[in-house]
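Asks: If you scroll down you'll find the structure; I have some questions about it.
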Amino acid sequence: MVKHTVLVTGASSGIGMELARLFAKEGHSLVLLARGRRALDALAHELQTQHNVSTQVLEADLCDRLAPIKIAQELSGRNLHVDVLVNNAGFGLLGPHAELDTQRQLDMLQVNIVALVHLTRLLLPGMLARNTGGVLNVASTAAFQAGPNMAIYYATKAFVLSYTEALHEEVGKTQLHVSCLCPGPTHTGFVAAAGMEGVGLFKLGAQTAQDVAHVGFTAFQNNRTIAISGFKNTALAILGKFSPRYVTRKIAQALNR
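Dropping the structure here:
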């Protein structure tokens, strides 16, 4: 197996942390990126100790529109060539669009879409030149319908899904893999950050970050375009394709309360 250098955004917790562990277990070198240095250092030590892999830490806030450029410059300064980019960082907010803080909603667009695209655009040419590696984007089952009370979040994930599908086809004649992981409700810090404790969506049950990460990691290895985690989430996504959009958005609104 070819050993890659893998950059994971949002690696300090949740799905990002579990994806980093899976790549390290296979012997890949890691570049761990998030805002919290302490958690990144702890994970880096864990991966180095348990799997004897090279692990480096990058502290960055993807709300900063210049962050992707600074990250690329830092990678270059360290002579690191990223083969696999895992765009996992992202967040959501629960509440009516007209009532949620404007800047936080703009930050969501920056992190969930702009930074993801910018990092991919900066790193993809190198992958293509070396003809190895690829991109694993983390979207959500929210990508498959509109989401009243989480309008911006759902829309960002629809973008990520569409963007990933297009990239998958664009690199189809190369050795690169491009996949999109679409988790349903998952037990991570995302829930508290989004203010979603007790909403109907999570009352239906949630998966562990470990289970979700395994689905995404396997999909990327096999170059599957879309991977939905869990049978229930897969079934709901399929049913949603055959339901009128006014039905799916009303269901989403009911669950986002």
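In the numbering used here, the protein residues as written are 10 to 266. Note that beta-carbon positions come from the ideal geometry of N, C-alpha and C, so glycine has one too.
For asparagine 146, which residues of its own chain have a beta-carbon under 6 Å away from its beta-carbon, when the five flanking residues on both sides are left out?
Replies: Contacts found: Asn96, Val169, Thr173, Cys189.
Asks: Would you give the residue range spanned by the alpha helix (DSSP H) that glutamate 27 belongs to?
Replies: Residues 23 to 34.
Asks: Nearest-angstrom Cα distance between asparagine 121 and alanine 152?
Replies: Looking at the two C-alpha atoms, the distance is approximately 12 Å.
Asks: Quick check on alanine 236: does DSSP put it in helix, strand or coil?
Replies: The answer is strand: DSSP assigns alanine 236 an E or B state.
Asks: In chain order, what residues of the same chain lie with their CB nearer than 6 Å to the CB of alanine 81, ignoring the 5 residues before and after it?
Replies: Excluding sequence neighbours, alanine 81 sits near Leu131.
Asks: Can you give me the Cβ contacts of glycine 142 inside the same chain, cut-off strictly under 7 Å, excluding the 5 residues immediately before and after it?
Replies: Around glycine 142: His13, Asp92, Val93, Met136, Leu185.
Asks: Beta-carbon within less than 6 Å of serine 63's beta-carbon, same chain only, minus the 5 sequence neighbours each way: which residues are those?
Replies: Closer than 6 Å at the Cβ level, and outside the excluded window around serine 63, lie Ser38.
Asks: Residues in the same chain with beta-carbon distance under 7 Å from valine 187, minus the five sequence neighbours each way, listed in chain order, please.
Replies: If we look at valine 187 and ignore the five residues flanking it on each side, its Cβ neighbours are Gly143, Val144, Thr173, Leu176, His177, Val180.
Asks: Given 8 Å as the limit, is there contact between the region 108 to 127 and the region 52 to 66, that is, 3 or more CB pairs closer than that?
Replies: They do not touch, by the three-pair rule.
Asks: Return helix, strand or coil for glutamine 262, following the three-state DSSP convention.
Replies: Three-state DSSP puts glutamine 262 in a helix.
Asks: Distance, Cα to Cα, threonine 217 vs threonine 150?
Replies: If you take the alpha carbons of threonine 217 and threonine 150, they lie about 15 Å apart.
Asks: Three or more C-beta pairs under 8 Å: does that hold for the region 19 to 28 against the region 218 to 234?
Replies: As far as the Cβ criterion goes, the region 19 to 28 touches the region 218 to 234, which means the pair count is three or higher.
Asks: Verify whether the separation of the beta carbon atoms of alanine 98 and leucine 71 is less than 8 Å.
Replies: For alanine 98 and leucine 71, yes; Cβs fall inside 8 Å.
Asks: Is the distance from the Cβ of histidine 60 to the Cβ of alanine 33 below 8 Å?
Replies: Yes; because the gap between Cβ atoms is below 8 Å, this pair is in contact.
Asks: Going along the chain, which residues of its own chain have a beta-carbon closer than 6 Å to the beta-carbon of lysine 268, five neighbours each way excluded?
Replies: The displayed coordinates of the chain run from 10 to 266. Any statement about residue 268 would go beyond what the structure contains.
Asks: Pull up the CB-CB distance for leucine 49 and valine 17, whole angstroms please, since I reckon it's below 8 Å.
Replies: Incorrect: roughly 10 Å between the Cβ atoms, too far for contact.
Asks: Which residue or residues does DSSP assign as beta-bridge partners of threonine 183?
Replies: Note: threonine 183 sits in no beta bridge, so no partner.
Asks: Roughly how many angstroms lie between the CA atoms of alanine 203 and proline 105, to the nearest whole one?
Replies: With a pLDDT of 47 at alanine 203, under the threshold of 50, the modelled position of this residue cannot be trusted; read the value that follows with caution. Whole-angstrom Cα-Cα distance: 13 Å.
Asks: Determine the contact status of glycine 193 and asparagine 265, defining contact as a CB-CB distance below 8 Å.
Replies: For glycine 193 and asparagine 265, no; Cβs fall outside 8 Å.
Asks: So, are the CB atoms of alanine 215 and alanine 228 less than 8 Å apart?
Replies: No; because the gap between Cβ atoms is not below 8 Å, this pair is not in contact.
Asks: Under a three-way DSSP split, which group does valine 93 fall into?
Replies: Looking at valine 93 - three-state DSSP - the assignment turns out to be strand.
Asks: Cβ of asparagine 140 within 8 Å of Cβ of leucine 103?
Replies: In this structure, leucine 103 does not lie closer than 8 Å to asparagine 140 by Cβ.
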